[in-house]
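In my numbering, the protein residues as written are 40 to 200.
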């Protein structure tokens with residue numbers, strides 16, 4: 040389960056090696072959930088519901104996206120460490136600023152799960168510094184990182200239809 044993988048990353052001190060092991064062993068269902076989190080963060084929009092890895096459907100306000108495997112490195116979501124390329128049909132992505140490694144996305148999700156609630160209590164400058172450091176460490180942008188941190192609790196509860 041994704042939450043168990045995030046727990047193991049936490050127990051290791053969020054080191055890259057543990058995240059890499061978890062990325063290699065992530066089940067298809069959990070990889071699907073991570074890809075939906077990734078898509079939502081690129082769109083900067085919360086999904087209303089998501090299907091399964093088999094259907095590939097993710098419903099947003101006013102449109103539905105179908106995620107499907109792709110052979111192209113020019114896919115919308117690319118995880119080089121897992122050799123996974125995912126295309127998002129039904130939407131034009133203005134931001135392709137997420138991590139290019141599944142292990143980095145898992146570390147970002149770990150940070151969001153374990154620290155997003157405390158970020159809101161920090162002074163703005165300190166919050167910006169922390170988000171910048173996490174974004175740099177995970178190979179993404181601050182807006183992507185901010186969206187994941189601000190919306191992780193909601194994303195985690197999104198209905199699987």
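Backbone N, C-alpha and C fix where the C-beta goes; we use that ideal spot for every residue, glycine too.
If you keep only unbroken alpha helix (DSSP H) runs of at least 4 residues inside the stretch 45 to 131, you get 55 to 64 and 67 to 82. Comparing C-alpha distances from residue 121 to each of 105, 131, 127 and 138 shows the shortest one belongs to 138.
The three-state secondary structure of residue 162, taken from DSSP, is coil. About 15 Å separates the Cβ atoms of residue 151 and residue 78, ruling out a contact at the 8 Å cut-off. In this structure residue 73 is buried. Its beta-carbon is surrounded by 16 or more other beta-carbon atoms within 10 angstroms. For residue 171, the three-state secondary structure derived from DSSP is helix. If you compare the alpha carbons of 81, 176, 153 and 141 with that of residue 130, the shortest gap goes to 81.
Between the stretch 40 to 54 and the stretch 91 to 106, the count of C-beta pairs closer than 8 Å stays below three; the two stretches do not touch.
Secondary structure at residue 184: helix, using DSSP grouped into helix, strand and coil.
Residue environment for residue 144: buried (at least 16 other C-beta atoms within 10 angstroms of its C-beta).
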